[in-house]
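Scroll down for the structure; my scribbles are underneath it.
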Amino acid sequence: MGFKLTEEFKAKAEKICTQYPRRDAALIPLLLELQKETSYIAEEGMDYSRVKAVTTFYTMFNREPAGKYHLQVCRNISCHMAGAPGLLERLRKKLAIAEGETTKDGLFTLSCVECLGACGLAPVIQVNDKYFENLTAEKVDALLENLRHEL
Amino acid sequence: MPTLTIDGQTIEAAKGTTLLEAAQQLGIYIPRYCYHPNLSVSGNCRMCLVEVEKAPKLVTACSTEAAQGMAVLTASNKVKAARRDVLEFLLINHPLDCPICDQAGECGLQNYYMEYSLAKSRFNAADKVRRPKRRAVGPYLALDNERCILCTRCVRFCSEVTKTSELEVMERSDHSYIGLKEGTALDNGYSLNIADNCPVGAFTSRDFRFKQRVWFLKKTPTVCLGCATGCLIEAQHNENVIYRLTPRPNAETNTWLCDYGRMTYKAVRAGDRLTKGVIKNGQIDLKPALREAAARMDEARRSAAVLGSPWLSVEDNAALARFAKDALRTENYCFDFNCGQGIKDGILINNDPAPNTSGVKPVKAACGGITLTELSRRIAAGRIKAVLMEARAAALIKDALKAAGPRLIVFAANTGEIPAGAYAALPYASYFETPGTFVNYQGLLRRTKPPVEAPEGVKPLWAVVNELASCSGTSLGLDSVEETLKGIYIK
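As you go down the protein sequences, you meet chains A and B in turn. The working numbering applies: residue -13 is where the first sequence begins, and numbers increase by one. The working numbering applies: residue 556 is where the second sequence begins, and numbers increase by one.
Rendered as structure tokens:
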């Protein structure tokens, strides 16, 4: 399957490029924009080595299609001490997937991330762009249910 | 101009000089991997750490500018310990496959380990990060990611020199590796410089791999004749065989060397190398071939022509001029070559594919002759019955030759060069086998120094010309290469 950019995206990209003194400086904003649309950065779309280098350097770029909800569990010290490993284990079991995997229905992708900068509200899970804080096992269950029903 | 001391020696360094460069000016060598004098400074390998008095930490000599009053120590205990530690880190994931590595003998890791470390690894060999082993990346290079220390010289070479940016560092931290876009080849015309720049055995030359251990190679400084740029090169050879050509960086002409130039040595031992005479497609010994060629030239006499060649040295062109004037006594000779010279690609490759267009000019000045257009006109008009020339020069008058079809007697080093329909071909020693004078596009004098000997019975072109003349009863008196240059003034 060939990778193709939509005309709409190209027009948006052109606009983003004008905000930077050098066109190549717009690479990261463009990749973020693309990820918003397609949920991941496709390798076949990387015409330049530079794009692959940047995409693979930053863990926040998905290299494979992600589910509708990307659950990102913080695994750094504050969240760890506040019970993140238990939450992660619970999510693994409930969704029957390991980290980096996506559920068969394409709804959830589970991954571990480094500090989300919300240690005061640990443990934290980021779902797409939203933070869910002070989580417990019950809250995680409720979160999953809510997300499922927002279908 | 800041004044500083390095290991107790005082130096006044120009503004902007780095500590590494200042030390080099004092003759103090600071080990380095990522630093390269002709690439941007990256400062990632940490091998060049030095101590600066009053600085809280060691600093990288390659990226620290010399400042007034600095006191730099490059051999203190702290620095020595740092070098040992940096090497230990670099060697943690290095596969240590030196016995099968082509870089062995000229490897930055081997050399610095012997010089600065000699420590035993504390790392369990089974825990090393494994990476893909050798694979071909492009026509000239093999890449072994496991040996790489990520100095990024190759990445910077591709982005700064060739500006093609094929290589990048993919992933990060201990996952990182040098890679290129899937399915593409690294073929930018200068790719073998990457093998030279690579301080370890990650990038090696596919052409040179496993041909010869580097410590057996002898080095002869000579000149590349791949085009009019005339890069200074070093021929590396052993037991009369050339194995590779590398650049001799110099301020005037070249820092690098193109892939095409590097492969020019192959003609010397190519399968089509001419070591005997050729008459009508059949190879015969040189002597009878010379007699036959001389007889045909004699037959044509005043309607014979001689064409010089921008591919030949000044000496060989001069010998051809002497042959036309003193043996044939013809007026039909031409040493008039012009080509819009200049660097074609902004790096090294010249518009003019011939190495000696400028060098034939002094021969023309001393011996005269007709213009190339005039010669073409005379040939096309059927006034010329036989032409003596160097094989590649035939392309310069090919339309006239096609129109009239005079008898062609050519000098050729390889049979591939012989133009179709040539009557006779005579072998001559290539400039890897005999000295020759050339003038590059900048007007700089370039003398080749032969690294190897010519195959048995193959002589320099000027000597073949001398014999050709004596076959038709004229002595040109060309007994030595110096003799050919008599009366020719090269500035």
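Backbone N, C-alpha and C fix where the C-beta goes; we use that ideal spot for every residue, glycine too. Treat the numbers as computed from the prediction; the structure is a model and nothing was measured.
Ranked by Cα distance from B:Ser618, the options B:Met625, B:Gln791, B:Leu575 are led by B:Leu575. In the DSSP annotation of this structure, the continuous segment of the beta strand (DSSP E) that includes A:Phe94 starts and ends at 94 to 99. At a cut-off of 8 Å between beta-carbon atoms, A:Lys(-10) makes no contact with chain B. The three-state secondary structure of B:Asn795, taken from DSSP, is coil. Residue range 1000 to 1003 is occupied by the beta strand (DSSP E) that includes B:Leu1000.
A Cβ of chain A is located within less than 8 Å of the beta carbon of B:Lys736.
Between the alpha carbons of B:Ala941 and B:Pro908 lies a gap of roughly 26 Å.
Annotated three-state conformation of B:Thr573 is strand, per DSSP.
Contact annotation for B:Ser597 against chain A: no contact, minimum CB-CB distance about 14 Å [criterion: below 9 Å]. Residues of chain A with a Cβ closer than 9 Å to the Cβ of B:Arg727 are, in chain order, Thr42, Phe43, Tyr44, Thr45. Under the DSSP assignment, B:Ser676 falls outside any alpha helix (DSSP H); it carries neither an H nor an E label. For B:Val724, the nearest beta carbon of chain A is closer than 8 Å to its own beta carbon. In this structure, DSSP gives B:Ala578 a helical state, which the three-state scheme calls helix. Scanning its chain for C-beta atoms nearer than 6 Å, with the 5 sequence neighbours on each side dropped, one finds around B:Ser864 the residues Glu945, Ala948, in chain order.
For a Cβ distance threshold of 7 Å, residue set Ser35 of chain A lies close to B:Glu721, ordered along the chain. Taking 3 residues as the minimum length, the beta strand (DSSP E) runs contained wholly in the stretch 606 to 676 of chain B are 626 to 628, in order along the chain. The stretch 863 to 882 of chain B makes no contact with the stretch 687 to 698 of chain B; the number of CB pairs closer than 8 Å stays below 3. Under the three-state reduction of DSSP, A:Val110 is assigned to coil, being neither helix nor strand. The stretch 71 to 89 of chain A makes no contact with the stretch 25 to 38 of chain A, as fewer than three CB pairs between them are under 8 Å.
Less than 8 Å divides the Cβ of B:Phe712 from the Cβ of B:Leu594.
Beyond the five residues adjoining it in sequence on each side, B:Asn752 comes within less than 7 Å, by CB distance, of His591, Arg708, Cys709, Phe712 in the same chain, given in chain order. Distance check between B:Ala936 and each of B:Ala959, B:Leu927, B:Asp954, B:Pro917 places B:Ala959 closest, using alpha-carbon atoms only.
Going by C-alpha positions, B:Val796 is about 29 Å away from B:Lys688. Chain-order list of chain B residues neighbouring A:Lys38: Glu723, Met725, Gly734, Leu735, Lys736, Glu737, by C-beta distance under 9 Å.
In this structure, DSSP gives B:Phe966 an extended state, which the three-state scheme calls strand. Bounds of the beta strand (DSSP E) holding B:Gly991 are 991 to 994.
Of all residues in the stretch 21 to 33 of chain A, the ones placed with a Cβ closer than 8 Å to any Cβ belonging to chain B are Glu29, Met32, Asp33, in chain order. Linking B:Lys635 to B:Tyr671 through their CA atoms gives a straight-line distance of about 7 Å. Rounded to whole angstroms, B:Leu651 and B:Lys766 show a C-alpha spacing of 20 Å. Pairwise C-beta distances place the stretch 651 to 660 of chain B in contact with the stretch 762 to 776 of chain B, as three or more of them are shorter than 8 Å. In the structure shown, B:Val833 falls within a strand segment according to DSSP collapsed to helix, strand and coil.
Taking the Cα of B:Leu829 as reference, the smallest distance to any Cα among B:Gly756, B:Glu972, B:Leu903, B:Ala848 is reached at B:Glu972. Look at A:Val126 here: in three-state DSSP terms it is helix. In the three-state scheme derived from DSSP, where H, G and I count as helix and E and B as strand, B:Thr717 is classed as coil. B:Gln838 carries a strand assignment under DSSP once its states are collapsed to helix, strand and coil.
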